Amino acid sequence: MGHSDILIDLKTTLKKLNLPTEEPLLGISSEERFGDYSSTIALRLSKVIKQPAMVIAKEIESNFPKKIYLDRIEVASPGFINFYLSAQFWQKELREILEKGDNFGSSQLGKDKRW
Numbered sequence: 004m005g006h007s008d009i010l011i012d013l014k015t016t017l018k019k020l021n022l023p024t025e026e027p028l029l030g031i032s033s034e035e036r037f038g039d040y041s042s043t044i045a046l047r048l049s050k051v052i053k054q055p056a057m058v059i060a061k062e063i064e065s066n067f068p069k070k071i072y073l074d075r076i077e078v079a080s081p082g083f084i085n086f087y088l089s090a091q092f093w094q095k096e097l098r099e100i101l102e103k104g105d106n107f108g109s110s111q112l113g114k115d116k117r118w
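Each residue of the sequence shown is one higher than the one before, starting from 4 at the first, in the working numbering.
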């Protein structure tokens, strides 16, 4: 969650704004002050649609759906979009970790498959 939720909502926002919906990359921010995740989609789109990245980023920010998993979204120069996850999101994640105990993070991906 978190990462995938933001990506889904970001793609939906791009569609709503009739912007190219190329894969919006979402990275983990290098510093806490830049949020939990950051996207450079506005910077990439500015080259395609010939508009300033800050204008695109602010348009995405103002049209991004309000969701319980997000505390806030901030735009930073030259056109980064920073996403801050909410305390409610982290509490839910912590509950899931505690409920799953030693099984948290386990996966059956690739089980019984030969590589």
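Idealized CB from N, CA, C, for every residue including glycine.
These figures come from a predicted structure and were not determined experimentally.
As assigned by DSSP and simplified to three states, the class of residue i
i           : result
residue 74  : strand
residue 86  : strand
residue 49  : helix
residue 104 : helix
residue 109 : coil
Residue closest to residue i, alpha-carbon to alpha-carbon, out of the options
i          : options         : result
residue 45 : 90, 60, 37, 38  : 60
residue 36 : 14, 84, 72      : 84
residue 88 : 70, 99, 63, 102 : 70
residue 52 : 13, 17, 91, 7   : 17
Residue i classed as buried or exposed, judged by whether at least 16 other C-beta atoms fall within 10 angstroms
i           : result
residue 104 : exposed
residue 23  : exposed
Three CB pairs or more closer than 8 Å across the stretch 48 to 59 and the stretch 107 to 117: No contact exists between the stretch 48 to 59 and the stretch 107 to 117.
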